[in-house]
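Residue numbers (my numbering): 70 to 278.
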């Protein structure tokens, strides 16, 4: 699957949506604000291309739910194609609106993910575990170090590295940092090491309440 023309804007959004978590056609339709039938057609085409597969989840009542998840082929495509797409999107937003506007959009996206995935619910420990799982699903390869009075999130990979290099604060502060802040209700996050600066990992430190 080396031809970018095989994946259009809507399918790109679908791949982004199911990167962290398998979803059914109804979930995809609601998030993209399209008809369920249209979402199902896009998902089936992505399945034919080998980018997603089907899996069934047992329901307490009724028939099992058909979920769609990225295949390894789909995961390999994601960073190569979407770095380019995201770079151009952010550049155009900055050009047409303002330099700060793209960061506000990434901030809103982080907030939407927190809401959709229920990251802000439960105890601080439960929220932390869900956040680590989500970051892993997004490709950050995240881990947590607990010190006496701080929590340190360590990300050994940046799935948005090329975009971060081109739009550093938009991605690093507007999305990655904001995702942590909104999930844990932290007023401040301290960034100490950055992969884009040549460090082996990114660290985000917050104080324990």
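Idealized CB from N, CA, C, for every residue including glycine.
A quick note: this is a predicted structure, and the numbers were derived from the prediction, not measured.
- Are the segment 159-174 and the segment 217-229 touching by the rule of at least three beta carbon pairs closer than 8 Å? no
- Item | Close beta carbons around residue 221, own chain, < 6 Å, minus the five adjacent residues each side | Stepping through the chain shown from its first residue, residue 221 is reached at position 152. Cβ neighbours of residue 221 beyond the five flanking positions: 214, 272, 274.
- Taking C-beta to C-beta, are residue 135 and residue 123 nearer than 8 Å? Position 66 of the chain shown, counted from the first residue, corresponds to residue 135. Position 54 of the chain shown, counted from the first residue, corresponds to residue 123. Their beta carbons are under 8 Å apart, which means residue 135 touches residue 123 by this criterion.
- Reference residue 267, options 98, 254, 234, closest by Cα: As a first step, residue 267 is located in the chain shown; it is residue number 198 there, counting from the start. When each option's Cα is compared against that of residue 267, the closest is 234.
- Those residues which DSSP pairs with residue 98 across a bridge: Within the chain shown, numbered from 1, the residue matching residue 98 stands at position 29. DSSP lists no partner for residue 98.
- Query: Which same chain residues, not among the five before or five after residue 218, have their C-beta less than 7 Å away from its C-beta?
  - Reply: Looking up residue 218 in the chain shown gives position 149. Closer than 7 Å at the Cβ level, and outside the excluded window around residue 218, lie 276, 277.
- Message: Mapping the DSSP letters down to three states, classify residue 244 as helix, strand or coil.
- Response: Taking the chain shown and counting its residues from 1, the one referred to as residue 244 is at position 175. Of the three classes helix, strand and coil, the one that applies to residue 244 here is helix, per DSSP.
- Message: Is the beta carbon of residue 155 closer than 8 Å to that of residue 252?
- Response: By 1-based counting over the chain shown, the position of residue 252 is 183. By 1-based counting over the chain shown, the position of residue 155 is 86. Going by C-beta atoms, residue 252 is not nearer than 8 Å to residue 155.
- According to DSSP, is residue 237 helix, strand or coil? Within the chain shown, numbered from 1, the residue matching residue 237 stands at position 168. Helix, per DSSP.
- Message: So, under 8 Å CB-CB, residue 248 and residue 185 are touching, yes? Tell me the CB distance rounded to an integer number of Å.
- Response: Numbered from 1 along the chain shown, position 179 holds the residue referred to as residue 248. Numbered from 1 along the chain shown, position 116 holds the residue referred to as residue 185. So it is not a contact: roughly 12 Å between Cβ atoms.
- Query: Which class does residue 87 belong to by DSSP, given the choice of helix, strand or coil?
  - Reply: For the purposes of this step, residue 87 is identified with residue 18 of the chain shown, where counting begins at 1. Residue state, collapsed to three classes: helix.
- Message: For residue 108 and residue 79, what's the separation of their Cα atoms in angstroms?
- Response: Counting from one through the chain shown, the residue named residue 108 turns up at place 39. Counting from one through the chain shown, the residue named residue 79 turns up at place 10. Going by the C-alpha atoms only, they are around 9 Å apart.
- Alpha carbon to alpha carbon, how far is residue 175 from residue 130? For the purposes of this step, residue 175 is identified with residue 106 of the chain shown, where counting begins at 1. For the purposes of this step, residue 130 is identified with residue 61 of the chain shown, where counting begins at 1. Near 37 Å, if we compare the C-alpha coordinates of residue 130 and residue 175.
- Beta-carbon proximity list for residue 244, same chain, < 6 Å, skipping 5 on both sides: In the chain shown, the residue the question calls residue 244 occupies position 175. These residues qualify, in order along the chain: 175, 179.
- What three-state label does DSSP hand residue 176 in the structure shown? Here residue 176 corresponds to residue number 107 of the chain shown, with the count starting at 1. Helix, per DSSP.
- Go through the segment 114-171 residue by residue and report every complete run of the beta strand (DSSP E) that reaches 3 residues or more, in order. 121-126, 134-139
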